[in-house]
Amino acid sequence: MSEYLQVRSNGQITLPAVTRRKANLQEGDLLEILVEADGSIRLVPKTAVDRLLAEKYQQADIEWALKQEGTSK
């Protein structure tokens, strides 16, 4: 069954409750907006990651890879 949204004067839309439940979306969730070549729009749920935590794990991955490189010789 199709659902319809109306774009408000300030560009906002409201996702119907049924749609939010189907997509398991909660208040505060992030959505990536993708505009396709044909003009259609996709909303893709995304997870926010703390930048400092991400950098810490990225550094740990680099150190692990360097150790692996050293043990393979």
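With the numbering used here as the guide, the letters of the sequence shown map in order to residues 861 to 933. A virtual CB, placed ideally from N, CA and C, is assigned to each residue, including glycine.
> In terms of residues, what are the limits of the beta strand (DSSP E) holding isoleucine 873?
Replying inline: From DSSP, isoleucine 873 is part of no beta strand (DSSP E); its letter is neither H nor E.
> Going along the chain, which unbroken runs of the beta strand (DSSP E) with 3 or more residues stay wholly within the stretch 892 to 930?
Replying inline: 901 to 906
> Thinking C-alpha only, which one of Asp910, Val878, Leu890 is nearest methionine 861?
Replying inline: Val878
> Do you know offhand how far glutamine 872's Cα is from arginine 880's?
Replying inline: 16 angstroms
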